[in-house]
Each structure stands twice: as structure tokens, then as C-alpha cells.
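Structure, as C-alpha cells:
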Amino acid sequence: MPSSLVSTPPLAQRLRGVAGSPVRDLLALLDRPEVVSFAGGLPAPELFDLEGLRAAFDAVLSTPAGRRHLQYAPTEGNRHLRDLVAGRMTDRGLPTAADDLLVTTGSQQALTLVATALLDPGAVVAVEEPTYLAALQCFSLAGARVVPVASDDDGIDPAALAAVLTRERPTLLYLVPTFANPTGRTLTVERRAAVAELAARHGTWVVEDDPYGELRYRGAPVPSLAAQPGAEDRVLHLGSFSKTASPGMRLGWLRAPAGLLRPLTVAKQAADLHTSTIDQAAAAAWLDAVDLDAHVRRLCAAYSERRDAMVAALPGTLPAGSTWSDPDGGMFVWARLPGGVDTAELLPRALAHDVAFVPGAPFFAGTPDRATLRLSFTTNPPAQITEGMARLGRATRS
Ligand SMILES: Cc1ncc(COP(=O)(O)O)c(C=O)c1O
């Protein structure tokens with residue numbers, strides 16, 4: 060029989076209704092050098108420590124002992140790297156031992172492992188609205204029902220959360236409490252305590268996804284959600300080297316309550332055996348050699364200028380009556396246009412003016428607010444931000 064007549068089995072049920080990421084699809088379209096892109100949450104490539112990372116790879120591969128970094132390795136991750144990460148987390152106010160950590164292939168994999176270990180099809184996941192869209196994809200792929208919880212400039216609203224916890228009994232609450240994607244908002248200290256207390260009372264797991272916490276440009280650091288009283292056996296904390304070292308290395312980590320580390324490790328065994336041995340070894344060598352605090356200070360100094368350039372340009376860019384977030388850190392400004400605009404319709408006009416952003420709708424688990432958009436300020440230097448915002452202004456007026 061000709062192969063074209065043989066019907067192929069359908070895709071797995073779990074993929075139905077899971078849309079592709081518009082951000083990643085957009086990134087694929089943006090390969091035109093003339094476009095100023097505020098779309099992807101990309102770190103500035105000129106700020107990668109190219110020399111330091113090259114030296115770190117060189118160091119771990121330059122002796123015969125380096126052969127072990129080309130070998131299969133334990134699923135839990137490189138011991139020395141876990142020691143270094145645990146030390147840094149402890150210094151930053153979240154007491155952590157190497158044995159509390161699982162190294163992951165980016166924090167995105169940590170989300171998948173959490174979903175695999177904790178969510179049965181039909182389980183309920185509560186999320187702040189709007190939220191990180193690849194987390195929405197991940198929970199949908201696990202067959203979960205995602206329930207939005209209202210948030211405002213101070214992060215998720217504890218009263219709205221209490222109502223959802225009572226009504227929906229979610230297995231898991233997912234939050235980006237510090238410099239959130241897409242809004243740039245930070246959950247206040249008071250609300251962190253309230254969220255930890257509510258989660259403990261309702262017996263809900265909490266995922267604190269924290270890839271941006273080190274990128275603070277002003278104001279005092281806020282204690283981690285995982286460090287709140289009552290959070291020890293509730294909160295899974297996700298960290299990442301993507302925003303401080305390099306996203307291409309795909310290195311993250313997961314700090315979990317003791318009883319969860321083993322199931323999460325089993326989930327990772329099935330996913331990829333372990334994260335790249337050589338990348339972990341090089342990251343550990345890089346951390347040994349570099350002053351990471353000084354490196355992060357350099358990133359923050361540059362990103363702070365970029366943030367300021369974008370925020371300064373907003374009043375002259377967006378129409379009167381627009382609102383936007385004023386983030387203390389991270390990578391994103393979240394804006395809302397007046398007058399029932401759909402920003403997905405604005406995007407082609409923006410692209411025609413050689414500037415890009417992400418329309419806000421895909422970040423919503425519930426009814427989308429189509430007048431919203433996300434602008435990333437980290438990728439471009441200030442002069443290019445000013446030029447890109449001028450183009451965006453012309454696009455909104457065209
Ligand atoms: C909130 C959030 N979580 C997780 C990730 C994934 O990061 P990683 O590169 O560590 O997989 C991102 C990436 O942008 C993010 O914004």
C-alpha cells in the first residue's frame with residue numbers, strides 16, 4: 060500500500076489546545092537586523108562574560124581529569140556547583156544546603172519536572188494573572204486546569220487568592236514574585252507573608268519562580284517567598300543562570316522540600332538523565348573564578364540605564380490615557396493602551412515600522428486584556444531603545 064494511504068495515529072490528547080508560544084514564534088520572525096526588538100526577554104549579549112566563560116570551559120577541559128566532565132553524571136547535578144549555588148542562596152537570605160538542590164536544564168525544565176511530579180490530568184493550578192506564558196504552556200501540557208488569580212501593582216491579591224484556594228482547591232500555586240514576567244511587578248513583603256500563610260493553611264504547593272531576583276536596580280531586596288515562616292515544606296524555589304550568566308548554557312536549579320526531591324529526581328531521570336556535565340562543570344569553574352556580585356552589579360548598572368531610557372520614552376510613545384508598570388528590576392515593562400485597542404492588531408504596524416513587542420493576551424489564563432503589551436528593555440542599549448520607542452510611537456499613531 061502507498062504510504063500516503065496509511066493513516067497516522069493522532070497527536071497525544073495532552074497537546075490539544077496547547078498553543079505555540081507567540082513569543083518564540085515572534086522571535087523566529089525577527090531575524091531582520093533593522094528591527095529594534097522589545098519582544099524577547101533576551102539578556103544583552105555584549106554583557107555575557109565571553110572571556111570568563113571561555114576560560115572556564117578551557118580550565119575544566121585542559122587536564123586529563125577533565126575527561127570526567129565529558130562523561131555521564133548523577134541526575135542530582137554537579138556537587139561543587141550545588142555547593143556554590145547553595146552558598147549564594149544562603150548568603151541572600153534563603154538557608155540552603157547542596158542536598159536541597161537539583162540542577163535542572165534551565166528553570167523551564169524545573170517547571171516540567173514539578174508538573175510531572177505533582178500534577179495529575181485535571182489537577183488545578185492557580186496562577187497570578189497575567190503570568191509567564193511558558194509556565195501556562197507547561198501546566199496545560201500536563202493536563203492541568205489553570206485558574207487565574209487577580210493581581211495588582213503589588214503582585215497577587217491575597218483576598219482573591221484566599222477565595223480561589225477555598226473554591227478551587229488547587230494542587231499548586233505558581234508565582235513569579237520578584238520582577239515578574241510579564242509585568243515587572245514585585246510581591247510586597249506583607250503579601251509574601253500572607254501568601255505563605257494561606258498556602259500552609261490550605262495545604263497548597265507553591266512554586267516561586269525566581270529568574271530575575273538578582274536584577275534589582277533600586278530599592279531594598281525583598282525576602283524570598285520560600286524564606287517566609289511556614290513556607291519550608293510548601294514552597295519550591297526555582298533559580299536560573301540564564302539572566303546572570305547565559306541562557307544558552309541552559310542551567311537552572313530547583314530547591315524543594317525534602318520529601319519532594321526524590322520524586323523530582325526520578326522525573327528528571329526519565330526526562331534527560333542529567334543536565335549537561337560539561338556545562339555544569341564550566342559554570343562551577345566560572346563561579347570559582349569570577350566575582351559574581353561584581354558581574355551582577357555591572358549587569359544592573361547597564362540594565363538600569365536601559366530601564367530608565369524606556370520609562371522616560373513611554374509618555375511620548377503611547378497614547379494619552381495609557382498606563383504602564385515602573386519596575387524596580389528584571390527585564391519588562393507592562394503597558395495598557397486606552398480605547399479598546401487590540402495590541403495584536405498594532406503589532407503588524409509596529410513591524411512595518413521596524414519595531415517589535417509582545418501583545419499581552421497570551422499571558423492571560425483567563426479572559427485576556429487585549430489592550431496590554433510587554434516591552435523588554437534589556438536587549439538594546441539606551442540610544443536604540445529611544446529610537447525603537449520613537450518608531451513604536453509612530454506605529455501607534457499610524
Ligand atoms: C518567569 C520565567 N521562568 C522561567 C523562565 C525560563 O528560564 P530558563 O532559561 O532558566 O529556562 C523564564 C524565561 O524567560 C521566565 O521568564
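The sequence shown begins at 60 in the working numbering and counts up by one. The C-beta atom is built at its ideal place from N, Cα and C for all residues, glycine as well.
Is it the case that the Cβ atoms of Leu234 and Leu177 are separated by a distance below 8 Å? no
Element boundaries [alpha helix (DSSP H), containing Ala459]: Residue 459 cannot be examined here, being either before or after the span of the chain that is shown, 60 to 457.
Is it the case that the segment 253 to 272 contacts the segment 290 to 300, given that we only count it when at least three CB pairs across the two stretches are under 8 Å? yes
With DSSP as the reference, please indicate the residues paired to Ser210 in a beta bridge. Ile215
Please classify Arg298 as buried or exposed, where buried requires at least 16 neighbouring CB atoms within 10 angstroms. A small fix is needed here, since residue 298 is Gly in this sequence, not Arg. Buried.
Pick out whichever of Pro133, Thr376, Arg453 and Leu112 has its Cα sitting closest to the Cα of Val325. Pro133
Quick check: is the beta carbon of Thr437 nearer than 8 Å to any beta carbon in chain D? Absent here is chain D; the protein component of the structure consists of one chain.
CA-to-CA distance, Pro236 to Gly111, given in whole angstroms: 31 Å
Inter-residue spacing [alpha-carbon to alpha-carbon] between Glu135 and Asp216: 35 Å
Would you say the beta carbon of Asp268 comes nearer than 7 Å to a heavy atom of ligand 1? yes
CB of Leu246 within 8 Å of CB of Val265, strictly: no
Examine ligand 1 and report whether any of its heavy atoms sits within less than 7 Å of the Cβ of Val144. no
According to DSSP, which residues form a beta bridge with Pro397? Beta-bridge pairing links Pro397 to no other residue.
Length of the line joining the Cα atoms of Ala415 and Ala169: 29 Å
Proximal residues to Trp312 (C-beta, below 7 Å), its chain only, five neighbours per side dropped: Val144, Leu160, Leu161, Val162, Thr163 and Gly298
With a CB to CB cut of under 7 Å and the five nearest residues on each side skipped, what residues in its chain are close to Arg275? Cys359, Asp387 and Gly388
Who pairs with Ser166 in a beta bridge, going by DSSP? None; Ser166 has no bridge partner.
Residue ranges of each alpha helix (DSSP H) run of no fewer than 4 residues wholly in the segment 256 to 296, ordered along the chain? none
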